[in-house]
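K.L.:
One structure, pasted below without further comment.
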Amino acid sequence: MVVAQQQKAGTFQVLVGKIDDVLQYAIGDPLRYLANWGRLYSLWPVHLETACCSVEVGAAAGSRFDIERFGTLEAFGSLRACDLIIVMGTVTRKLAPRLKLIYDQMAEPKWVIAMGACSITGGLYFDSYNVLRGIDDIIPVDVYVPGCPPRAEALIQGIVLLQEKIRRMPTLSGR
Amino acid sequence: MRMTLESEYSPDADRIMAVSLGPQHPGAGHFRIRLWLDGDYVVKALPDAGYVHRGEEKMGEYRNYTQNVPHLERPVILDSSNILFAYSLGVDELMNSKVPPRAQYLRVIMSEINRIISHMYFIAIQGLFLGHTTMITWCMGDRDFWIDLGERIAGARVTFAYIIPGGVRNDIPEFAIEKGLKTCDWFEKRMGEYEKIFYDNPMVHQRSDGVGVLSRDDAIAFGATGTVARASGLALDVRKDEPYSSYSDFEFKTPVLTQGDSWARAYVALLDMRESVKIIRQALKGLPQGPVRLKLGPQPRVPAGEVYSRTEAARGEMSYHIVSDGSPRPYRLKIGVPSAKNLRALPHLLKNVHIADIPVIYWSLNYWPVEADR
Amino acid sequence: MDRAKAIADKITSKHPGTKLEWVKPRRLKVSAPASMIKDVALFARDSLGFDHISTVSGVDWIAKNALEVVYFVGSTVPGQEGFVLALSERVPRDNPVVSTLIGVWRGAEYHERETHEMFGLNFQGHPDQSHLFLPEDWNDLPPLRKDYVSPGR
Ligand code: SF4
């Protein structure tokens with residue numbers, strides 16, 4: 001990002017600072033807007049089912065709720081091409097390293113939706129010996145969708161929220 | 001022609017390549033298959049489960065018999081009533097309680113609705129794995145009508161928590177009976193369309209006929225149950241073998257096929273749903289009057305004892321081994337889930353098959369990893 | 001009930017070391033000493049038609065210092081499908097060694113593997129006792145033992 005320089009006494013520097021500002025507003029912002037808009041409606045989720053919430057993702061992708069209307073593509077593709085990971089419920093101790101591995105392989109910018117009580121806090125399984133109490137210890141979460149399981153409408157709401165977040169993303173690189 | 005391992009290859013040669021399929025893979029969600037490949041053929045396959053192992057059995061020992069209800073239905077969220085049905089039967093038997101007849105009928109209705117919901121998911125994904133997009137679109141949409149019906153009866157979308165020890169949680173509203181009968185009529189017609197577009201489709205036949213054949217003897221030896229067993233000519237159906245609840249009141253058949261291949265396993269699901277619709281209709285029409293649950297209180301006292309209760313869930317025989325020592329919590333709660341029972345057949349079926357057939361065979365076992373891992 | 005009792009009598013008269021624990025309608029539980037269990041299992045499979053393994057369960061009787069393993073076996077013989085035989089054996093907790101019954105019921109393989117990891121029972125002769133459900137790096141007590149306390153509790 002172009003940072004407006006500190007204005008000092010020299011006119012030249014003032015000029016540069018001004019040009020930076022002008023460029024920022026004239027090209028940077030529209031460009032960023034354009035790039036974010038492009039990302040917005042073609043979210044490509046990773047096909048990673050972690051537990052029972054995946055049934056509701058299936059229902060949401062089905063013909064009744066059809067999340068493709070909201071710009072989420074079908075969850076079939078290479079990890080490298082994916083930019084969204086919906087963690088569908090419980091993450092167990094066995095799955096946790098794999099989840100991290102999958103997240104690390106995705107290209108920036110990337111977003112995470114934690115779906116279901118399990119992936120937020122452990123949910124019903126708070127006293128289980130094999131369940132992580134929330135996934136935010138291993139990967140950063142953008143949107144939490146509560147419920148056990150969340151209804152398909154709730155998931156759609158979560159995706160719309162995420163799109164709002166992407167629209168307002170301040171930088172081009174995503175981080 | 002398929003080459004066999006013995007005649008063509010030496011297993012320790014370099015050409016055998018080990019590949020891990022899953023847990024992130026479109027053909028294997030929350031489940032991994034370790035494959036040893038020779039070119040396009042699978043030499044050996046070993047399932048690697050446990051990605052959703054949540055320790056339900058240990059949790060069951062920390063909660064009392066009522067508190068156990070919600071988490072016990074989570075393993076099979078697709079089929080949540082049937083897993084609770086077996087649990088409730090077990091607790092009822094331990095407590096020696098007489099469940100009222102109306103509750104018995106409602107239990108049957110709900111468990112059959114859930115069987116349909118679960119089978120619809122099964123054949124939808126089977127369609128997806130066969131590249132038959134119509135099937136997933138149709139089935140996922142139609143499945144929601146049954147979920148709606150369940151929601152009208154129980155109040156929640158998929159986690160019904162309807163069948164509980166001592167009866168059912170609430171009575172069926174009057175309009176749900178009407179809607180149920182209508183849904184039955186509509187669905188019976190709809191199933192004919194599935195048959196035309198999916199089961200009679202030459203493409204589907206080509207891709208699943210003779211793929212992953214499980215013989216009857218192997219089905220017995222591996223302890224296969226449910227759709228897998230019935231597609232291999234094994235007429236096992238707990239509803240018939242020990243008519244629990246009110247199943248003896250209804251007229252239905254146990255569909256049995258003899259091919260034992262992926263197509264038959266998917267087709268048995270359709271035949272199963274036909275029978276389920278029949279049962280639901282009979283039960284809705286003949287619903288007796290009366291109370292729907294026994295008053296057990298928040299912390300039921302369960303006498304000491306041991307019980308093994310089974311029901312026929314969508315995937316097969318669902319069983320519970322409950323040991324009670326007279327305290328408010330179970331001393332031991334073992335869930336014998338059908339997916340775990342069918343899992344042993346997977347490495348057997350995945351021998352000498354093409355890589356492209358793996359998703360079809362895997363899913364035709366109606367294997368639900370969350371259920372198997374518990 | 002009578003029929004289940006009749007089946008149980010056949011087992012106990014053929015193998016005098018076994019003990020009938022209980023009978024209920026369509027259910028019977030027979031316990032056998034660890035040395036005899038294979039013979040009893042073979043007898044149940046070949047002569048009584050209990051050929052369809054349903055599941056394998058375990059119970060930790062910590063007060064009696066014993067681990068119990070229970071095989072639940074159904075049947076595919078026409079007319080006998082509803083019956084389930086529970087065949088159990090008990091071993092001391094500090095030396096929990098039993099012999100595998102895969103040779104009798106092949107489907108018991110994964111169930112035994114699960115019982116091994118959950119209770120620490122050692123099935124002798126089992127081809128692969130690696131972890132099936134637990135994480136690969138699990139190095140605590142077997143979780144279903146009564147003295148293992150879940151970290152959330
Ligand atoms: S939040 Fe509920 S439905 Fe979702 S994975 Fe957890 S237990 Fe299953």
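Protein chains in written order, with my numbering: chain A, 1 to 175; chain B, 1 to 374; chain C, 1 to 153. Glycine included, each C-beta is placed from N, C-alpha and C at the ideal position.
Using a Cβ cut-off of 8 Å, which residues of the stretch 329-353 of chain B contact any Cβ in chain C, in chain order?
P.N.:
Tyr-331, Arg-332, Lys-334, Gly-336, Ala-340, Lys-341, Leu-343 and Arg-344
K.L.:
Any heavy atom of ligand 1 closer than 7 Å to the beta-carbon of Gly-116/A?
P.N.:
yes
K.L.:
Have a look at Gln-126/B and Pro-149/A and give me their C-alpha separation to the nearest angstrom.
P.N.:
23 Å
K.L.:
How many angstroms separate the CA atom of Gln-7/A from the CA atom of Lys-18/A?
P.N.:
Reliability of the predicted coordinates at Gln-7/A is poor, the pLDDT of 44 falling under 50, and no value is obtained from them.
K.L.:
For a cutoff of 8 Å on Cβ pairs, would you count Lys-18/A as touching chain C?
P.N.:
No, its Cβ sits nowhere closer than 8 Å to a Cβ of chain C.
K.L.:
Listing by chain order, which chain B residues have their CB less than 7 Å from the CB of Ile-53/C?
P.N.:
Gly-223
K.L.:
Using 8 Å as the limit for Cβ to Cβ distance, is Ser-150/C near chain A?
P.N.:
yes
K.L.:
Would you mind reading off the limits of the beta strand (DSSP E) that contains Phe-72/C?
P.N.:
Where Phe-72/C is concerned, the enclosing beta strand (DSSP E) starts and stops at 66-74.
K.L.:
With contact counted as at least three CB pairs below 8 Å, one residue from each stretch, are the stretch 47-61 of chain C and the stretch 102-117 of chain C in contact?
P.N.:
yes
K.L.:
So Gly-316/B and Val-228/B are supposed to be a Cβ contact under 8 Å. How far apart are they, rounded?
P.N.:
About 7 Å; that satisfies the 8 Å criterion.
K.L.:
Counting only beta-carbon atoms, is Gly-50/B nearer than 8 Å to chain A?
P.N.:
yes
K.L.:
Which residue wins for smallest C-alpha separation from Leu-349/B, given the options Ile-77/B, Gly-212/B, Glu-178/B and Ala-156/B?
P.N.:
Gly-212/B
K.L.:
Consider the Cβ of Arg-153/C: report whether some Cβ of chain A lies at a distance smaller than 8 Å.
P.N.:
Closer than 8 Å to some Cβ of chain A, the Cβ of Arg-153/C qualifies, so yes.
K.L.:
Measuring from the CB of Thr-90/A, is there a heavy atom of ligand 1 at a distance below 7 Å?
P.N.:
yes
K.L.:
Strictly below 7 Å CB to CB, what residues from chain C border Arg-167/A?
P.N.:
Under the 7 Å cutoff, chain C gives no residues; its nearest Cβ is about 39 Å from Arg-167/A.
K.L.:
The beta strand (DSSP E) with Leu-35/B in it runs from where to where?
P.N.:
Its beta strand (DSSP E) spans residues 32-38.
K.L.:
Give me the Cβ distance between Asp-83/A and Arg-32/A, rounded to the nearest whole Å; I'm assuming they're in contact under 8 Å.
P.N.:
Wrong, their Cβ atoms sit about 16 Å apart, outside the cutoff.
K.L.:
Which of helix, strand or coil does DSSP assign to Gly-55/B?
P.N.:
coil
K.L.:
Name the chain A residues whose beta carbon is nearer than 7 Å to that of Leu-78/B?
P.N.:
Val-55
K.L.:
Report yes or no: do three or more beta-carbon pairs, one from the stretch 168-185 of chain B and one from the stretch 221-237 of chain B, lie closer than 8 Å?
P.N.:
no
K.L.:
Below 8 Å between beta carbons is the criterion; list the residues of the stretch 147-179 of chain B that meet it against any residue of chain A, in chain order.
P.N.:
Ile-147, Arg-157, Val-158 and Thr-159
K.L.:
Can you give, in chain order, each stretch of the alpha helix (DSSP H) that sits fully within the stretch 37-86 of chain A and has at least 4 residues?
P.N.:
54-61
K.L.:
Could you compute how far the alpha carbon of Ser-246/B sits from the alpha carbon of Pro-101/B?
P.N.:
Whole-angstrom Cα-Cα distance: 8 Å.
K.L.:
Can you look up Ile-7/C in the DSSP assignment and give me helix, strand or coil?
P.N.:
Ile-7/C: helix per DSSP, three-state reduction.
K.L.:
List, in chain order, every chain C residue whose beta-carbon is nearer than 9 Å to that of Lys-58/B.
P.N.:
Met-118, Pro-143, Leu-144, Tyr-148 and Ser-150
K.L.:
With C-beta atoms as the reference, is Glu-101/C less than 8 Å away from Lys-10/C?
P.N.:
Looking at the sequence shown, residue 101/C is not Glu but Leu. No; because the gap between Cβ atoms is not below 8 Å, this pair is not in contact.
K.L.:
Contact criterion: CB-CB distance below 8 Å. Does Ser-319/B meet it with respect to chain C?
P.N.:
yes
K.L.:
Mind checking who Glu-312/B pairs with in its DSSP beta bridge?
P.N.:
Glu-317/B
K.L.:
Could you work out which residue in Val-30/C, Val-104/C, Gly-49/C and Leu-134/C is closest to Thr-115/C when comparing CA atoms only?
P.N.:
Leu-134/C
K.L.:
Roughly how many whole angstroms lie between the Cα atoms of Ala-168/A and Trp-44/A?
P.N.:
According to the sequence displayed, residue 168/A carries Arg and not Ala. Taking the straight line joining both Cα atoms gives about 19 Å.
K.L.:
Tyr-121/B touches chain A at which residues, Cβ-Cβ below 8 Å?
P.N.:
Val-55 and Gly-58
K.L.:
Pull up the distance between the alpha-carbon of Gly-210/B and that of Trp-263/B, whole angstroms please.
P.N.:
Straight-line spacing of the CA atoms in Gly-210/B and Trp-263/B works out to 8 Å.
K.L.:
Pick out whichever of Arg-3/C, Ala-41/C, His-126/C and Thr-18/C has its Cα sitting closest to the Cα of Pro-25/C.
P.N.:
Arg-3/C
K.L.:
For Ile-27/A, does the count of other Cβ atoms within 10 angstroms reach 16, so buried, or fall short, so exposed?
P.N.:
exposed
K.L.:
Between which two residues does the beta strand (DSSP E) holding Gln-124/C run?
P.N.:
122-124
K.L.:
In the structure shown, what three-state DSSP assignment does Val-22/A receive?
P.N.:
Of the three classes helix, strand and coil, the one that applies to Val-22/A here is helix, per DSSP.
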